[in-house]
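Quick notes on the structure that follows.
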Amino acid sequence: MKNIKETLDYINLKTNNFKPEFAIILGSGLGCFCDDLNGTVLKYENIPNFSQTNVIGHKGELLFAMVENKPCVIMQGRFHYYEGNPIQKVVFPIKVFKKLKVKTLFITNAAGATHKNLNIGDIMLIKDHINFIANPLIGKNNPEEGERFPDMSDCYSKKYQTIIKECAKNLNINLKEGVYLATTGPSYETQAEVKAFKLLGADVIGMSSAPEAIMAKYLGINTIGLSLVTNYATGVSDSKPNHKEVIEIGKKSGQKMSLLIKETIKNIGS
Ligand code: HPA
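Here you go:
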């Protein structure tokens, strides 16, 4: 993207050339990760070429801070496709992270489960995804950034999956595993769609994350994906999905997700 230099100049100036090793994208209601962190806060509205986020439960700030003594950048709220952002805007922060020399990315989200082997409040490690949003690599390819046809077999780093599973065990967290299906939203799914997505292999359904993971893989950033099960998808239980419930569960169970991410950061590269 041609304006990325402007974005980097602004960030480098405001953060005094802070160089994060880790990036964390916080999904709906998961902002509590930042509660005990101090650092430099940049509002999206002030960052050149960043979009705004107007979704309730998304703060719209980048935080540069030390987590477990490691330099991190934390996105408090993401840019969704359903907000009308072109797909290149949705993944723009990932390109910025790469330029800042981020090595590892945690992508988190709230999601609805397609079956009852998952419980509300569970954390599910994303082993793979099905992307029904849009592919962010469509367009001209810059060979200096990545390959035209990147392999997706290790989109969610297997090596880091092993590490996070070990960390979950140490924290006594029952970490589930499964496939995330990304759909555009913003309407929740019909019952027929949920049945179809389950047949396709989806364990949870959400409205983000997969395009970000594709961009990260393309750029050579190691990705760990985590879904917080905030509800049962339409028709799986008697209750209907709604955004208020998604935020509430996020707030209630977000602490567990925060602990797990912090423990994993502690154990990566040490
Ligand atoms: N469907 C799609 N996206 C979601 C859901 C859901 O049930 N819950 C949270 N995000």
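The opening position of the sequence shown corresponds to residue 1 in this note's numbering, with each subsequent residue numbered one higher. Ideal Cβ positions, reconstructed from N, Cα and C, are used throughout, including at glycine. As the structure is a prediction and not an experimental result, all values here were calculated from the model.
Inter-residue distance for Gly77 and Leu199 is about 31 Å (C-alpha atoms, whole angstroms). Set against 8 Å, the gap from the CB of Ile25 to the closest heavy atom of the ligand HPA is not smaller. From the listed residues Ser237, Tyr232, Gly225, the smallest Cα separation to Gly27 is found for Gly225. For Ala65, the uninterrupted beta strand (DSSP E) segment begins and ends at 61 to 67. Counting C-beta pairs closer than 8 Å gives three or more between the region 82 to 95 and the region 127 to 146, which meets the contact rule. For Tyr218, the uninterrupted alpha helix (DSSP H) run begins and ends at 210 to 219, by DSSP. DSSP places Leu199 within a helical segment (H, G or I) once states are collapsed to three. For Asn231, the three-state secondary structure derived from DSSP is strand. From the listed residues Ile11, Asp203, Ile123, Lys19, the smallest Cα separation to His129 is found for Asp203. In the structure shown, Phe97 falls within a helical segment according to DSSP collapsed to helix, strand and coil. If you draw a straight line from the Cα of Ile268 to the Cα of Ile163, it is about 7 Å long. Here Asn135 is near Pro211, since their CB atoms are less than 9 Å apart. The beta strand (DSSP E) runs of length 3 or more contained entirely in the region 145 to 198 are, from start to end of the chain, 176 to 182.
Residue environment: Met215 is assigned as buried (16 or more neighbouring CB atoms within 10 Å of its CB, all protein chains considered). Residue burial is scored here from C-beta neighbours: Leu175 has at least 16 other C-beta atoms within 10 angstroms and is therefore classed as buried. The Cβ atoms of Leu125 and Tyr156 sit closer than 9 Å to each other.
The beta carbon of Thr264 sits closer than 8 Å to the beta carbons of Phe106, Tyr160, Ile163, Ile164, Cys167, Ile224 from its chain, once the five residues preceding and following it are set aside; these are given in chain order. With fewer than 16 other beta carbons inside 10 angstroms of its own, Leu13 counts as exposed. Not one heavy atom of the ligand HPA is found less than 8 Å from the C-beta of Pro211. With distances taken between CA atoms, Gly139 lies nearest to Pro86 out of Pro86, Thr108, Lys103, Asn17. The beta carbon of Lys251 sits closer than 6 Å to those of Gly29, all from its chain and outside the five residues before and after it, given in chain order.
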